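S.K.: Numbering (full-length UniProt numbering), first residue to last: 1 to 325.
Backbone N, C-alpha and C fix where the C-beta goes; we use that ideal spot for every residue, glycine too.
Owing to the predicted nature of the structure, the values given are computational and were not obtained by experimental measurement.
Provided herewith is a single structure, encoded as C-alpha coordinates, for subsequent inquiry.
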(Lines of atoms letter the chains of each structure in order from A; the text may use other names.)
(Lines give C-alpha, C1' and ligand atoms only; values in the text may rest on other atoms or scores of the structure.)
Protein backbone atom coordinates (compact mmCIF):
# COMPACT_ATOMS: atom_id res chain seq x y z
CA UNK A 1 0.00 0.00 0.00
CA UNK A 2 1.66 3.21 -1.20
CA UNK A 3 -0.37 5.75 0.75
CA UNK A 4 -1.17 6.30 4.41
CA UNK A 5 -4.81 5.83 5.33
CA UNK A 6 -6.38 7.95 8.05
CA UNK A 7 -9.52 6.75 9.73
CA UNK A 8 -12.14 9.49 10.18
CA UNK A 9 -15.71 9.67 11.46
CA UNK A 10 -17.08 9.14 7.95
CA UNK A 11 -14.78 6.36 6.82
CA UNK A 12 -11.21 6.24 5.45
CA UNK A 13 -9.59 9.15 3.65
CA UNK A 14 -6.35 8.91 1.71
CA UNK A 15 -3.92 11.68 2.73
CA UNK A 16 -1.85 11.50 -0.46
CA UNK A 17 -4.78 11.33 -2.87
CA UNK A 18 -6.77 14.26 -1.30
CA UNK A 19 -6.84 17.29 -3.55
CA UNK A 20 -5.79 20.76 -2.31
CA UNK A 21 -9.42 21.85 -2.48
CA UNK A 22 -10.49 18.96 -0.23
CA UNK A 23 -7.73 19.71 2.26
CA UNK A 24 -8.80 23.39 2.33
CA UNK A 25 -12.43 22.42 2.94
CA UNK A 26 -11.39 20.08 5.75
CA UNK A 27 -9.30 22.85 7.30
CA UNK A 28 -12.19 25.31 7.14
CA UNK A 29 -14.56 22.73 8.60
CA UNK A 30 -12.20 22.09 11.52
CA UNK A 31 -11.77 25.84 12.04
CA UNK A 32 -15.54 26.34 12.19
CA UNK A 33 -15.86 23.52 14.72
CA UNK A 34 -13.22 25.18 16.89
CA UNK A 35 -15.03 28.53 16.67
CA UNK A 36 -18.37 27.01 17.65
CA UNK A 37 -16.74 25.11 20.52
CA UNK A 38 -15.18 28.33 21.79
CA UNK A 39 -18.49 30.18 21.48
CA UNK A 40 -20.23 27.42 23.42
CA UNK A 41 -17.81 27.83 26.34
CA UNK A 42 -18.03 31.64 26.14
CA UNK A 43 -21.83 31.71 25.86
CA UNK A 44 -22.52 32.10 29.63
CA UNK A 45 -20.32 35.19 29.76
CA UNK A 46 -21.72 36.56 26.48
CA UNK A 47 -25.31 36.17 27.68
CA UNK A 48 -24.46 37.74 31.03
CA UNK A 49 -22.70 40.67 29.36
CA UNK A 50 -25.58 41.33 26.97
CA UNK A 51 -28.29 41.04 29.64
CA UNK A 52 -26.59 42.71 32.61
CA UNK A 53 -24.17 45.18 30.99
CA UNK A 54 -24.82 45.99 27.33
CA UNK A 55 -28.61 46.26 27.51
CA UNK A 56 -28.67 48.37 30.73
CA UNK A 57 -26.11 50.74 29.16
CA UNK A 58 -28.17 51.11 25.99
CA UNK A 59 -31.40 51.61 27.93
CA UNK A 60 -29.80 54.14 30.30
CA UNK A 61 -28.60 56.10 27.25
CA UNK A 62 -32.24 56.27 26.12
CA UNK A 63 -33.45 57.20 29.62
CA UNK A 64 -30.90 60.03 29.77
CA UNK A 65 -32.93 61.71 27.02
CA UNK A 66 -36.21 61.39 28.92
CA UNK A 67 -38.01 62.60 32.03
CA UNK A 68 -38.67 59.35 33.88
CA UNK A 69 -39.80 58.85 37.47
CA UNK A 70 -40.29 55.03 37.43
CA UNK A 71 -44.05 55.42 38.02
CA UNK A 72 -44.99 57.10 34.74
CA UNK A 73 -43.83 56.31 31.22
CA UNK A 74 -40.62 58.02 30.02
CA UNK A 75 -41.23 61.41 28.42
CA UNK A 76 -38.67 62.35 25.76
CA UNK A 77 -36.98 65.68 26.55
CA UNK A 78 -33.89 65.53 24.36
CA UNK A 79 -30.74 67.01 25.88
CA UNK A 80 -32.47 68.85 28.73
CA UNK A 81 -30.98 66.57 31.37
CA UNK A 82 -27.46 67.25 30.13
CA UNK A 83 -28.13 70.99 30.02
CA UNK A 84 -29.44 70.82 33.61
CA UNK A 85 -26.24 69.08 34.72
CA UNK A 86 -24.17 72.02 33.51
CA UNK A 87 -26.08 74.43 35.77
CA UNK A 88 -26.80 72.20 38.77
CA UNK A 89 -24.66 73.48 41.70
CA UNK A 90 -24.84 70.07 43.39
CA UNK A 91 -23.25 68.43 40.34
CA UNK A 92 -20.39 70.93 40.42
CA UNK A 93 -19.98 70.41 44.19
CA UNK A 94 -19.97 66.62 43.81
CA UNK A 95 -17.50 66.79 40.93
CA UNK A 96 -15.19 69.01 42.99
CA UNK A 97 -15.34 66.68 45.99
CA UNK A 98 -14.70 63.64 43.79
CA UNK A 99 -11.81 65.29 41.94
CA UNK A 100 -10.14 66.35 45.21
CA UNK A 101 -10.58 62.90 46.72
CA UNK A 102 -9.15 61.15 43.63
CA UNK A 103 -6.21 63.52 43.09
CA UNK A 104 -5.06 63.14 46.70
CA UNK A 105 -6.07 59.56 47.43
CA UNK A 106 -4.60 57.81 44.37
CA UNK A 107 -0.97 59.05 44.75
CA UNK A 108 -1.07 58.43 48.51
CA UNK A 109 -2.59 54.97 47.96
CA UNK A 110 0.12 54.04 45.44
CA UNK A 111 2.97 55.35 47.63
CA UNK A 112 1.76 53.43 50.69
CA UNK A 113 1.20 50.28 48.62
CA UNK A 114 4.68 50.48 47.12
CA UNK A 115 6.30 51.14 50.51
CA UNK A 116 4.59 48.09 52.04
CA UNK A 117 5.48 45.97 48.99
CA UNK A 118 9.15 46.95 49.35
CA UNK A 119 9.07 45.99 53.02
CA UNK A 120 7.44 42.64 52.23
CA UNK A 121 10.04 41.99 49.54
CA UNK A 122 12.68 42.09 52.29
CA UNK A 123 10.65 40.15 54.85
CA UNK A 124 11.91 36.72 53.79
CA UNK A 125 9.90 33.77 55.08
CA UNK A 126 7.54 36.01 57.05
CA UNK A 127 6.26 37.68 53.86
CA UNK A 128 3.55 35.04 53.40
CA UNK A 129 2.03 35.83 56.80
CA UNK A 130 2.13 39.58 56.23
CA UNK A 131 0.65 39.26 52.74
CA UNK A 132 -2.38 37.64 54.33
CA UNK A 133 -2.55 40.28 57.06
CA UNK A 134 -2.41 43.15 54.56
CA UNK A 135 -4.97 41.59 52.23
CA UNK A 136 -7.60 40.65 54.85
CA UNK A 137 -8.95 44.23 55.23
CA UNK A 138 -9.78 44.15 51.51
CA UNK A 139 -12.35 41.48 52.36
CA UNK A 140 -14.11 43.80 54.82
CA UNK A 141 -17.57 44.89 53.52
CA UNK A 142 -17.52 48.59 52.52
CA UNK A 143 -20.53 49.30 54.76
CA UNK A 144 -18.57 48.00 57.76
CA UNK A 145 -15.66 50.25 56.77
CA UNK A 146 -18.03 53.24 56.74
CA UNK A 147 -19.22 52.44 60.28
CA UNK A 148 -15.63 51.86 61.37
CA UNK A 149 -14.76 55.30 60.01
CA UNK A 150 -17.24 56.93 62.40
CA UNK A 151 -15.86 54.97 65.34
CA UNK A 152 -12.16 55.60 64.64
CA UNK A 153 -12.44 59.22 63.47
CA UNK A 154 -14.99 60.51 65.96
CA UNK A 155 -13.77 63.95 67.02
CA UNK A 156 -14.74 63.50 70.67
CA UNK A 157 -13.71 59.98 71.64
CA UNK A 158 -12.44 58.32 68.44
CA UNK A 159 -9.38 56.08 68.60
CA UNK A 160 -7.33 58.26 66.23
CA UNK A 161 -7.78 61.45 68.23
CA UNK A 162 -7.16 59.53 71.43
CA UNK A 163 -3.79 58.36 70.12
CA UNK A 164 -2.95 61.87 68.92
CA UNK A 165 -3.80 63.15 72.41
CA UNK A 166 -1.09 60.92 73.89
CA UNK A 167 1.42 63.08 72.01
CA UNK A 168 -0.21 66.37 72.99
CA UNK A 169 -1.90 66.85 69.60
CA UNK A 170 -5.49 68.08 69.57
CA UNK A 171 -7.06 66.06 66.77
CA UNK A 172 -9.56 67.69 64.40
CA UNK A 173 -13.27 66.97 64.12
CA UNK A 174 -12.88 64.49 61.28
CA UNK A 175 -16.60 63.77 60.86
CA UNK A 176 -18.12 67.21 61.47
CA UNK A 177 -15.59 69.75 60.18
CA UNK A 178 -16.07 70.10 56.39
CA UNK A 179 -12.36 70.82 55.97
CA UNK A 180 -11.44 67.43 57.49
CA UNK A 181 -14.17 65.14 56.13
CA UNK A 182 -12.43 64.30 52.85
CA UNK A 183 -8.94 63.95 54.39
CA UNK A 184 -10.46 61.54 56.90
CA UNK A 185 -12.07 59.48 54.15
CA UNK A 186 -8.77 59.48 52.25
CA UNK A 187 -6.91 58.13 55.28
CA UNK A 188 -9.62 55.53 55.83
CA UNK A 189 -9.30 54.35 52.20
CA UNK A 190 -5.74 53.22 52.98
CA UNK A 191 -7.36 50.41 54.99
CA UNK A 192 -7.74 48.46 51.74
CA UNK A 193 -4.27 48.80 50.17
CA UNK A 194 -3.74 45.03 50.43
CA UNK A 195 -4.67 44.15 46.85
CA UNK A 196 -2.30 46.75 45.40
CA UNK A 197 0.45 45.60 47.76
CA UNK A 198 0.16 42.03 46.45
CA UNK A 199 0.27 43.20 42.82
CA UNK A 200 3.34 45.39 43.36
CA UNK A 201 5.07 42.70 45.41
CA UNK A 202 4.64 40.23 42.54
CA UNK A 203 6.14 42.82 40.17
CA UNK A 204 9.10 43.38 42.51
CA UNK A 205 9.76 39.63 42.71
CA UNK A 206 9.94 39.51 38.89
CA UNK A 207 12.75 42.07 38.58
CA UNK A 208 15.87 40.15 37.48
CA UNK A 209 18.51 39.98 40.22
CA UNK A 210 21.23 40.37 37.57
CA UNK A 211 20.26 44.02 37.17
CA UNK A 212 20.76 44.73 40.87
CA UNK A 213 24.07 42.86 40.88
CA UNK A 214 25.33 44.90 37.93
CA UNK A 215 24.21 48.13 39.59
CA UNK A 216 25.97 47.14 42.81
CA UNK A 217 29.20 46.48 40.93
CA UNK A 218 28.91 49.95 39.39
CA UNK A 219 28.56 51.47 42.85
CA UNK A 220 24.88 52.44 42.60
CA UNK A 221 23.18 53.12 45.92
CA UNK A 222 19.61 52.43 47.05
CA UNK A 223 18.03 55.54 45.55
CA UNK A 224 19.89 55.24 42.25
CA UNK A 225 18.91 51.58 41.99
CA UNK A 226 15.30 52.36 42.87
CA UNK A 227 14.87 55.06 40.22
CA UNK A 228 16.96 53.41 37.49
CA UNK A 229 15.95 49.76 37.91
CA UNK A 230 13.09 49.08 40.31
CA UNK A 231 10.59 51.72 39.22
CA UNK A 232 11.10 51.22 35.45
CA UNK A 233 10.85 47.43 35.77
CA UNK A 234 7.64 47.53 37.83
CA UNK A 235 6.13 50.46 35.89
CA UNK A 236 3.49 48.26 34.14
CA UNK A 237 2.19 47.09 37.53
CA UNK A 238 2.31 50.65 38.88
CA UNK A 239 0.39 51.88 35.87
CA UNK A 240 -2.25 49.18 36.37
CA UNK A 241 -2.65 50.11 40.05
CA UNK A 242 -2.95 53.81 39.17
CA UNK A 243 -5.58 53.16 36.46
CA UNK A 244 -7.69 50.87 38.64
CA UNK A 245 -7.59 53.13 41.68
CA UNK A 246 -8.30 56.25 39.65
CA UNK A 247 -11.47 54.66 38.29
CA UNK A 248 -12.39 53.46 41.79
CA UNK A 249 -11.77 56.95 43.21
CA UNK A 250 -14.07 58.54 40.64
CA UNK A 251 -16.76 56.02 41.63
CA UNK A 252 -16.39 56.43 45.42
CA UNK A 253 -19.68 55.63 47.11
CA UNK A 254 -20.00 52.92 49.77
CA UNK A 255 -17.93 54.14 52.71
CA UNK A 256 -18.90 57.82 52.35
CA UNK A 257 -22.59 57.05 51.90
CA UNK A 258 -22.67 54.73 54.91
CA UNK A 259 -20.86 57.23 57.15
CA UNK A 260 -22.62 60.45 56.13
CA UNK A 261 -25.88 59.62 54.35
CA UNK A 262 -27.04 56.22 55.57
CA UNK A 263 -30.23 55.79 57.60
CA UNK A 264 -31.28 59.40 57.06
CA UNK A 265 -28.14 60.74 58.70
CA UNK A 266 -28.30 64.52 58.85
CA UNK A 267 -25.99 65.11 61.82
CA UNK A 268 -22.75 65.45 59.90
CA UNK A 269 -21.52 67.77 57.16
CA UNK A 270 -23.00 65.93 54.21
CA UNK A 271 -22.01 68.44 51.53
CA UNK A 272 -18.31 67.85 52.23
CA UNK A 273 -18.82 64.13 51.59
CA UNK A 274 -21.20 64.50 48.64
CA UNK A 275 -19.37 62.58 45.93
CA UNK A 276 -20.62 62.33 42.37
CA UNK A 277 -21.94 58.76 42.58
CA UNK A 278 -23.71 59.55 45.86
CA UNK A 279 -25.56 62.45 44.22
CA UNK A 280 -26.36 60.20 41.26
CA UNK A 281 -27.77 57.61 43.65
CA UNK A 282 -29.89 60.24 45.38
CA UNK A 283 -31.34 61.46 42.10
CA UNK A 284 -32.18 57.92 41.00
CA UNK A 285 -33.49 56.24 44.14
CA UNK A 286 -34.43 59.04 46.55
CA UNK A 287 -35.85 61.66 44.16
CA UNK A 288 -36.79 59.13 41.42
CA UNK A 289 -35.26 61.31 38.68
CA UNK A 290 -34.14 58.32 36.66
CA UNK A 291 -33.67 60.29 33.46
CA UNK A 292 -31.43 62.85 35.13
CA UNK A 293 -29.51 60.11 36.99
CA UNK A 294 -28.94 58.28 33.70
CA UNK A 295 -27.53 61.46 32.17
CA UNK A 296 -25.24 61.83 35.18
CA UNK A 297 -24.10 58.22 34.76
CA UNK A 298 -23.16 58.83 31.14
CA UNK A 299 -21.40 62.03 32.13
CA UNK A 300 -19.28 60.06 34.60
CA UNK A 301 -18.61 57.43 31.93
CA UNK A 302 -17.27 60.12 29.59
CA UNK A 303 -15.09 61.61 32.34
CA UNK A 304 -13.61 58.19 33.18
CA UNK A 305 -12.93 57.51 29.49
CA UNK A 306 -11.15 60.86 29.08
CA UNK A 307 -9.06 60.43 32.22
CA UNK A 308 -8.13 56.87 31.23
CA UNK A 309 -7.21 57.97 27.71
CA UNK A 310 -4.92 60.69 29.11
CA UNK A 311 -3.27 58.15 31.40
CA UNK A 312 -2.74 55.75 28.48
CA UNK A 313 -1.12 58.50 26.42
CA UNK A 314 1.17 59.50 29.30
CA UNK A 315 2.06 55.84 29.94
CA UNK A 316 3.72 55.58 26.52
CA UNK A 317 6.51 57.79 27.87
CA UNK A 318 6.89 56.41 31.38
CA UNK A 319 5.85 52.73 31.28
CA UNK A 320 8.47 50.18 30.21
CA UNK A 321 7.53 46.78 28.81
CA UNK A 322 10.21 44.11 28.35
CA UNK A 323 8.97 43.35 24.85
CA UNK A 324 9.51 46.94 23.74
CA UNK A 325 12.49 47.73 21.58
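(1) By the three-class DSSP mapping on this structure, what secondary structure does residue 66 have?
(2) Please confirm whether residue 113 and residue 181 have their CB atoms less than 8 Å apart.
(3) Given a threshold of 16 other Cβ atoms within 10 Å of its Cβ, counted over all protein chains shown, does residue 36 qualify as buried or as exposed?
(4) I want to know whether the segment 72–81 touches the segment 285–305 - three or more CB-CB distances under 8 Å.
(5) In the DSSP assignment, what are the bridge partners of residue 34?
(6) Quick check on the DSSP output: the alpha helix (DSSP H) that includes residue 102 runs from which residue to which?
(7) Under 8 Å between the Cβ atoms of residue 137 and residue 191?
(8) Kindly identify the DSSP beta-bridge partner or partners of residue 76.
(9) So is residue 245 buried or exposed if we call it buried at 16+ other beta carbons inside 10 Å?
(10) May I ask you to report which of helix, strand or coil DSSP gives residue 311?
(11) Express the C-alpha separation of residue 116 and residue 307 in angstroms, rounding to a whole number.
(12) For the 8 Å Cβ check, are there 3 or more pairs between the segment 236–251 and the segment 120–136?
(13) Quick one: Cα of residue 227 to Cα of residue 217, how far?
(14) Tell me which residues share the same chain as residue 267 and place their Cβ nearer than 7 Å to its Cβ, disregarding the 5 neighbours each side in the sequence.
(15) So, with DSSP's three-state summary, where would you put residue 287?
(16) Express the C-alpha separation of residue 294 and residue 60 in angstroms, rounding to a whole number.
(17) Just to confirm the assignment: which complete alpha helix (DSSP H) runs, minimum length 4, are found wholly within the segment 160–243?
(18) Determine the closest residue to residue 118 out of 199, 255, 185, 248, with distance taken between C-alpha atoms.
(19) If you pair each beta-carbon of the segment 268–280 with each one of the segment 88–96, do three or more pairs fall below 8 Å?
(20) Thinking C-beta only, is residue 237 closer than 8 Å to residue 203?
(21) Quick one, are the C-beta atoms of residue 135 and residue 215 less than 8 Å apart?
(22) From residue 164 to residue 152, what distance separates their C-alpha atoms?
(23) Does the beta-carbon distance from residue 250 to residue 98 come in below 8 Å?
(24) What's the C-alpha gap between residue 222 and residue 229?
M.R.: Let me lay it out:
(1) strand
(2) no
(3) exposed
(4) yes
(5) Residue 34 pairs with nothing; no bridge assigned.
(6) 89–121
(7) yes
(8) 66
(9) buried
(10) helix
(11) 27 Å
(12) no
(13) 17 Å
(14) Note that residue 267 scores 47 on pLDDT, short of 50, meaning its location in the model is unreliable and no value can be drawn from it.
(15) coil
(16) 5 Å
(17) 178–189, 194–205, 209–217, 222–225
(18) 199
(19) yes
(20) yes
(21) no
(22) 12 Å
(23) yes
(24) 10 Å
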